[in-house]
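Engineer: Quick one: the structure is below, questions incoming.
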Amino acid sequence: MAFLYASVGHGGASGYLAVMALFAIAPPLMKQTALLLNLGVSLMSFLAFYRQGYFRWTLFWPFALGSIPAAFLGARIPLTDSTYKQILGACLFLAVIRMVISLKEATQRSLPAVLGIFTGAAIGLLSGMIGIGGGIILSPLLLLFRWASLKEAAAVSALFIFVNSVSGLAGLKTWIPLDQSQLLYWLFASLVGGFLGARWGAGIASNAKVKWILALVLVIASLKLWFI
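Right under this line is the structure:
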């Protein structure tokens, strides 16, 4: 998951949540764990795309200005398990759409700062509520509205995910004790995958076959969240 998501400028939270949903892990633990794993992967992805010159500060700051406080507030909004699962299921389907639809690049437009701030706030609120960094929502918007190229969107989304994950973790009302040995395995696996995926994705296109397999996993997890 980390390899695939880092290759397109994401931290992998929706993928981690999908796997945890398949194994019926409790939603509060899902949110906390996904945000922790997001941190290292999104940071490595950002650095890889930044070093290639794809990051644009003027595109990043309006979204971040709105999203950081909103993600903190979103993490503090209590959700019932059923509501959490329905919202997460919808976001996983959005992740599938993002992966399987190739958005063609076109002439870019400038981003109105006020629109970026309000859009970032909306994404940040939702991200904090369900425990993702928001990249699966932001990157399609950047491409659909022609605010960024494919790799610029990846660079901006990666840092956006990192700051939202930090804010979301800070906003959690309660921390659930984690199995430290198990978490270390997850962190190690995600960091290795994220490092390799970020380096690969910064210069090489994603593998279509693997993306279809990942999309299938997300669809299964979404259906499980909604109907089981």
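According to numbering that gives the first Met the number 0, the sequence shown is numbered sequentially starting from 0.
Just so you know, even glycine gets a beta-carbon here, dropped at the ideal spot from N, CA and C.
Values in this document were obtained by computation on a predicted structure and should not be read as measured data.
1. Pull up the CB-CB distance for Gly119 and Gly10, whole angstroms please, since I reckon it's below 8 Å.
2. At a cut of 8 Å, does the stretch 53 to 62 reach the stretch 154 to 171 through at least three beta carbon pairs?
3. Ignoring anything shorter than 3 residues or poking outside the stretch 24 to 88, list the beta strand (DSSP E) runs there in chain order.
4. Measure the Cβ-Cβ separation of Leu36 and Ser189 and say whether it is below 8 Å.
5. Return the CA-CA distance between Ile116 and Phe62, expressed in angstroms with no decimal places.
6. Whole alpha helix (DSSP H) runs in the stretch 122 to 190 with 4 or more residues, listed along the chain?
7. Roughly how many angstroms separate the alpha carbons of Phe187 and Gly39, rounded to a whole number?
8. In angstroms with no decimal places, state the Cα-to-Cα distance between Ala47 and Phe161.
9. Output yes or no for whether 8 Å exceeds the beta carbon distance between Ala218 and Val95.
10. Any idea what DSSP makes of Met19, helix, strand or coil?
11. Please report the residue range of the alpha helix (DSSP H) in which Phe1 lies.
12. Pick from Ile175, Pro26, Asn163 and Leu182: whose alpha carbon is nearest that of Gly73?
13. Is Arg228 near Gly14, with beta carbons less than 8 Å apart?
14. So, for Ser138: in the same chain, excluding its five sequence neighbours on each side, which residues have a beta-carbon less than 6 Å away from its beta-carbon?
15. For Ser13, which of helix, strand or coil comes out of DSSP?
16. Just tell me which of Leu195, Pro77 and Ala69 has its CA closest to the CA of Val7.
Structural biologist: According to the structure shown:
1. Their Cβ separation, rounded to whole angstroms, is 16 Å, which puts Gly119 and Gly10 out of contact at 8 Å.
2. yes
3. none
4. yes
5. 5 Å
6. Fully enclosed alpha helix (DSSP H) runs of 4 or longer: 134 to 143 and 149 to 170.
7. 10 Å
8. 14 Å
9. In the sequence on display, residue 218 carries Val and not Ala. Cβ distance < 8 Å, so Val218 and Val95 count as in contact.
10. helix
11. According to the sequence provided, residue 1 is Ala. The question's Phe does not apply to it. First-last of the alpha helix (DSSP H) with Ala1: Ala1 to Ala5.
12. Of Ile175, Pro26, Asn163 and Leu182, the residue nearest in Cα terms is Asn163.
13. Here the chain has residues from 0 to 227 only, and residue 228 is not among them.
14. Taking Ser138 as the centre and dropping the five residues before and after it, the same chain places the C-beta of Ala152 and Ser156 closer than 6 Å to its C-beta, in chain order.
15. Assigned with DSSP and collapsed to three states, Ser13 falls in helix.
16. Leu195
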